[in-house]
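To start, the structure under review is shown below, and the notes come after it.
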Amino acid sequence: MSHKGKVTKEESLVYHHGGKTSINIKTVCDTARDLSMAYTPGVAHPCLEIEKDNELAYKYTNKGNLVAVITDGTAVLGLGDIGAVAGKPVMEGKAVLFKKFADVDAFDIELDEHDADKIVAICKALAPTFGGINLEDIKAPKCFDIEEKLQACVDIPVMHDDQHGTAMITSAGLINALEISGKKIEDMKIVVSGAGAAGIACAKMYRLLGAKHIVMIDTKGVIHSGRTDLNKYKAEFAIETSDRTLEDAMKGSDMFLGLSAPGVVSKEMVLSMNPYPIIFALANPTPEILPEEVHSVRNDVMMGTGRSDYPNQVNNVLGFPFIFRGALDVRATKVTEGMKMAAAVAMAKLAKEEVPEYVKAAYPGENPEFGINYIIPKPFDRRVFVWISAAVAEAAIKDGVAKIKDFDIEAYKVKLQDIIDEELK
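In this note's numbering, the protein residues as written are 374 to 798.
Here it is in structure tokens:
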């Protein structure tokens, strides 16, 4: 199989043949005595201990390192509502990334159910099995209700990655772009094209960073205060403005976030933006505007896409594995706003560190160095494992949602670094 160039259908089908994950056992099971330990009668002892104290499930089972990746198949990647079983390869892929990047075990669970309250009930019933729940590819606005209601009734972290992963990573890029440009976020006009799960979550996080002027656009145009067709999540971003189209909104803007459709941004729109603008064009696989089109008309743009073949890739693998790693390791009961912001800040700081040689080798010809073409760390920078996991764990403790008391965060950082050092030998 080729390691470069476009992925072909044939290569992909071969790669996915038989599925991408399996289950391995961690204990010995070679003799009759081992069998008695693994199952009956030996298994009764941990069962009875857990019956007395449910928290001991974290000691005697895999709960503390197990995440459920759950979808209803209604918003799968750029494919849309393709159904639960058709979404399974994506959920398996998510499990692969959890394991590869953060050594978190994950089960993919595809639900043939579209009613939000029933999905919440199903997930609540499954919660005793897991240390965390990663909701995935559930369409908006239903995904907001499911996440909120589910988190309220379980004592393990729940996160809809399509919302928060993109928000954390683009926020990291925004933090660094502000430093490079010298702009203040409260003075910026931010245009968000796409009012789905990710767009709304990003806008909320930018507000937490201090943004005051966000113009959000859906398929019917600018979300303004005169519209009467808005759900409660979009209505939160309805503003008084004379802007009615994307072209209107882009004039005098400082940032464009695209989570919408290919090719909707023109060169003229880019030219109408303020100096040192930020453009995150994240429609996949074809962004709202290609970097080469942007750079053909101006050279002061900080540009990112969702693709690996351009600088500043906004890739959720920078976020979700380590959010759950840190949350699991302190037994967090939820993912707080503080934990998400801590992840974004840590990611932003890491991008300013000198890039290791092994990362440079993975991206030949780029020579990543902090600046307009490098405001987000690379997905294969293994330091992310340490920086973000530890930042999330520390924030969970600070926010009072960690069940483990007297957690030694410095020892935790050393432990994570030792894992990376061993990997890189």
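Glycine is no exception: its CB is placed at the ideal position from the N, C-alpha and C atoms.
Here the structure is a predicted model, which is why all the values come from computation and not from measurement.
Starting from residue i, follow the alpha helix (DSSP H) in both directions and report where the run begins and ends.
i    : result
D478 : Looking at the DSSP string, D478 is not in any alpha helix (DSSP H); the run it does join, the beta strand (DSSP E), is 478-483.
G699 : 693-702
A724 : That residue, A724, is in no alpha helix (DSSP H); it is neither H nor E in DSSP.
A654 : A654 -> not in any alpha helix (DSSP H); beta strand (DSSP E) instead, spanning 651-654.
F629 : Looking at the DSSP string, F629 is not in any alpha helix (DSSP H); the run it does join, the beta strand (DSSP E), is 628-631.
C516 : 515-526
L663 : Careful: L663 lies outside any alpha helix (DSSP H) and carries neither H nor E.
K607 : 605-608
S409 : 405-411
L619 : 619-623
Given a threshold of 16 other Cβ atoms within 10 Å of its Cβ, counted over all protein chains shown, does residue i qualify as buried or as exposed?
i    : result
P664 : buried
H418 : exposed
D627 : buried
K467 : buried
S409 : exposed
M712 : buried
K577 : buried
V787 : exposed
E486 : exposed
A734 : exposed
N397 : exposed
Y579 : buried
A784 : exposed
G744 : exposed
N740 : exposed
H537 : buried
L452 : exposed
A525 : exposed
V463 : buried
Terminal residues of the continuous beta strand (DSSP E) containing residue i?
i    : result
K562 : 562-566
N507 : 505-508
G583 : Per DSSP, G583 belongs to no beta strand (DSSP E) and is neither H nor E.
G805 : The requested residue 805 is not part of the displayed model; the chain covers only 374 to 798.
V387 : V387 -> not in any beta strand (DSSP E); alpha helix (DSSP H) instead, spanning 382-389.
H533 : 531-533
Let me know the secondary structure DSSP gives residue i once reduced to three states.
i    : result
Y736 : coil
Y731 : helix
M646 : coil
G744 : strand
D779 : coil
G773 : coil
G594 : strand
A705 : strand
I396 : coil
V765 : helix
I548 : helix
V493 : helix
H668 : helix
V687 : coil
V638 : coil
I553 : helix
I587 : strand
I558 : helix
I542 : helix
S375 : Its pLDDT being 39, under 50, S375 is placed unreliably in this model, and the coordinates cannot settle the point.
I793 : helix
I573 : helix
Taking residue i as the reference, which of the options has the closest Cα?
i    : options                : result
L655 : V667, G631, S669       : G631
I748 : N688, A571, K771       : N688
L797 : V765, E767, P729, P752 : P729
N427 : A500, G773, I482, I596 : A500
T400 : I612, Y433, T709       : Y433
L582 : K556, K786, S669, I482 : K556
A768 : V757, A716, A489       : A716
L789 : D772, A764, I777, K778 : A764
M720 : I542, P530, E742       : I542
N549 : I792, W760, P750, C420 : P750
A599 : K512, M589, T614       : Checking the displayed sequence, the identity of residue 599 turns out to be Gly instead of Ala. It is T614.
I782 : G460, V703, Y736       : V703
F471 : L603, V442, L484, A448 : V442
I533 : A411, P752, A448       : Note that residue 533 is His in the sequence shown, not Ile. Looking at the Cα atoms, A448 is the closest of the given residues.
L484 : A459, V670, S762       : A459
G692 : E727, K640, M676, F758 : F758
I511 : I553, A545, T502, G569 : G569
E641 : P514, I612, E609, D621 : D621
I777 : K473, V380, Y431       : Y431
Y827 : I612, I793, A574, E509 : Past the boundaries of the shown model lies residue 827; the chain is included only from 374 to 798, so the question cannot be answered.
Does residue i have its Cβ less than 9 Å from a Cβ in chain D?
i    : result
K467 : Among the protein chains of the structure shown there is no chain D, as only one such chain exists.
(message) Give the list of continuous beta strand (DSSP E) stretches no shorter than 3 residues that lie fully inside the stretch 416-476.
(response) 439-444
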